[in-house]
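Report on one structure; see the data block that follows.
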Amino acid sequence: MLGNRKVFVDTCIVIEYLKDNLSLQKSNCYINHIVLMELYIGAKNKQDLKEIKSKLQGFKLLQTNQEIINLSTQIIEHFSLSHNAKIQDAIIASTCLINSLPIATYNIKDFRYIPNLEIVG
Numbered sequence: 001m002l003g004n005r006k007v008f009v010d011t012c013i014v015i016e017y018l019k020d021n022l023s024l025q026k027s028n029c030y031i032n033h034i035v036l037m038e039l040y041i042g043a044k045n046k047q048d049l050k051e052i053k054s055k056l057q058g059f060k061l062l063q064t065n066q067e068i069i070n071l072s073t074q075i076i077e078h079f080s081l082s083h084n085a086k087i088q089d090a091i092i093a094s095t096c097l098i099n100s101l102p103i104a105t106y107n108i109k110d111f112r113y114i115p116n117l118e119i120v121g
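In terms of the numbering used here, the sequence shown is residues 1 to 121.
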């Protein structure tokens, strides 16, 4: 799907990977703690959580810093009323922008209004 390109993978993409419906080159895939938490909360039991953690090995985990939080706050301020921007999506988008990464997602509507964010659908 994404080839050799470095890309931030949204939760919906990782879910398809975890279901073995999608092949990814993990060394080029970036996630953050928002994606991790969304995946962990979707685990049905401890064994499922263990399998998720195992399959995520090799993904690059980006840290959320103050710069990302500041940009996320701006996104919420500008787009929460007009586009129903969600906190988790603002943090994900900010992570992509600060790290100069495109985002791979099936949920294009959640991100299309954010300036300068490259979306790989």
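The beta carbon of each residue, even a glycine, is placed where N, CA and C say it ideally should be.
Check	Outcome
Please check the pair tyrosine 106 and cysteine 29, which I expect to be a contact at CB under 8 Å, by giving their CB distance rounded to whole angstroms.	Not really, about 15 Å apart at Cβ, beyond 8 Å.
Judging by CA-CA distance, which residue of Asn65, Asp110 and Asn32 is the nearest neighbour of phenylalanine 79?	Asp110
Within the continuous alpha helix (DSSP H) that includes isoleucine 15, where are the two ends?	11 to 18
Using C-beta distances below 7 Å, list every residue in its chain close to lysine 26, excluding the 5 sequence neighbours before and after it, in chain order.	Gly58 and Phe59
Closest by CA to isoleucine 31, which one among Ile108, Glu51 and Asp89?	Asp89
Using a 10 Å radius around the Cβ and a threshold of 16 neighbouring Cβ atoms, would you call leucine 81 buried or exposed?	exposed
For isoleucine 87, report the span of its alpha helix (DSSP H) as first-last.	87 to 98
Going straight from the alpha carbon of leucine 117 to that of tyrosine 17, what length do you get?	23 Å
If you follow the alpha helix (DSSP H) that asparagine 70 is in, where does it begin and where does it stop?	66 to 83
Three-state secondary structure (DSSP) at asparagine 32?	strand
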